[in-house]
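Numbered per my numbering, the sequence shown spans residues 24 to 226. All C-beta atoms, glycine included, are put in the ideal place defined by N, C-alpha and C. Bear in mind that the values here come from a model prediction, so they are computed numbers and not experimental data.
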Amino acid sequence: MKNRFLTKAMWALVLTMLSVSIVLGSTDSFTTAHRKAKPTPVMISRQRELTSRATPRLVLKEEEVRYAVPLDDDLQRYAEALCEDSDIPLGVLYAMMAVESQFTADAVNDAGDIGLLQINNRYASAYGATELKDPYQNIEVGTAIRSGYLEEYPDDLERALMAYNCGPGRARELWAEGITSTQYTAKVRVAMADLILKREVVE
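#1: Which term fits Ser-148, buried or exposed, when burial requires 16 or more other beta carbons within 10 angstroms of its beta carbon?
#2: Are the CB atoms of Val-213 and Met-119 within a distance shorter than 8 Å?
#3: How would you call Glu-196, buried or exposed, if buried means at least 16 neighbouring beta carbons within 10 angstroms?
#4: Among Ala-152, Ser-204, Ala-183, Asn-143, which one has its Cα closest to the Cα of Ile-111?
#5: Going by beta carbon distance, what residues of the same chain come within less than 7 Å of Asn-144, once the five residues before and after it are set aside?
#6: Using the beta-carbon count (16 or more within 10 Å), is Gln-141 buried or exposed?
#7: Under the rule that 16 or more other beta-carbon atoms within 10 Å means buried, what is Glu-223, buried or exposed?
#8: Distance, Cα to Cα, Gly-231 vs Arg-100?
#9: Rounded to whole angstroms, what's the CA-CA distance from Leu-105 to Ala-216? Just pull it up for me.
#10: If I follow the unbroken alpha helix (DSSP H) through Asn-161, where does it start and stop?
#11: Please classify Thr-50 as buried or exposed, where buried requires at least 16 neighbouring CB atoms within 10 angstroms.
#12: Alpha carbon to alpha carbon, how far is Val-122 from Arg-89?
#13: Which residue marks the beginning of the alpha helix (DSSP H) containing Gly-135, and which one marks its end?
#14: Apply the 10 Å Cβ neighbour rule to Ala-56 and answer buried if 16 or more other Cβ atoms are within range, or exposed otherwise.
#15: Which first and last residues belong to the alpha helix (DSSP H) in which Ala-118 is found?
#16: For Leu-139, does the count of other Cβ atoms within 10 angstroms reach 16, so buried, or fall short, so exposed?
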């Protein structure tokens, strides 16, 4: 529990620093294609761990940060439980939903990416999902994928976001070219800052 507290404290510090240093424009002219890499063994292992557990607890903690997002209470509690199990900052997950789909559960883009976190259908069988337009399944798959990238890049939110957005292979090519942020990561940072300003503590 102490290690988990320290991890969450670290991410809270990262979010605060990002909200202070946020810029509304990106000097990076590269526009990332919305491509996702094939699931890695780490991600699949993590998802099996998640799905082998009982249904995530849906109870409120004594003190809880709530964000102004257009999701019903049950879905928010579900997202909170998955984030706690996966050590993903809730504000990061919601910021990604805002950028990916504007919190639209049945959104489908031109590349065939689906739902709140815009996940490609090829992930469905790999992660045990049957309907990616179901917001609960979409969030569970998305947090499993995101958790894998956070495990791989625990101290670099930008890299984790780039790997999620354009795939780890393409992300490594960009890093080799000296590109360490994209329009996508800038948009997520803006969304994170907006969520932080609007959040409230429920006691």
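So, from the listed chains and residues:
#1: exposed
#2: no
#3: exposed
#4: Ala-183
#5: Gly-135, Ile-137, Leu-155
#6: buried
#7: exposed
#8: Examination of residue 231 is not possible in this model, given that the chain is present from 24 through 226 alone.
#9: 22 Å
#10: 158-175
#11: Confidence is the limiting factor: at Thr-50 the pLDDT is only 34, short of 50, which leaves the residue's position unreliable, though a coordinate-based value still follows. It counts as exposed.
#12: 19 Å
#13: That residue, Gly-135, is in no alpha helix (DSSP H); it is neither H nor E in DSSP.
#14: With a pLDDT of 37 at Ala-56, under the threshold of 50, the predicted position of this residue should be treated as unreliable, though the coordinate-derived value follows. Result: exposed.
#15: 113-124
#16: buried
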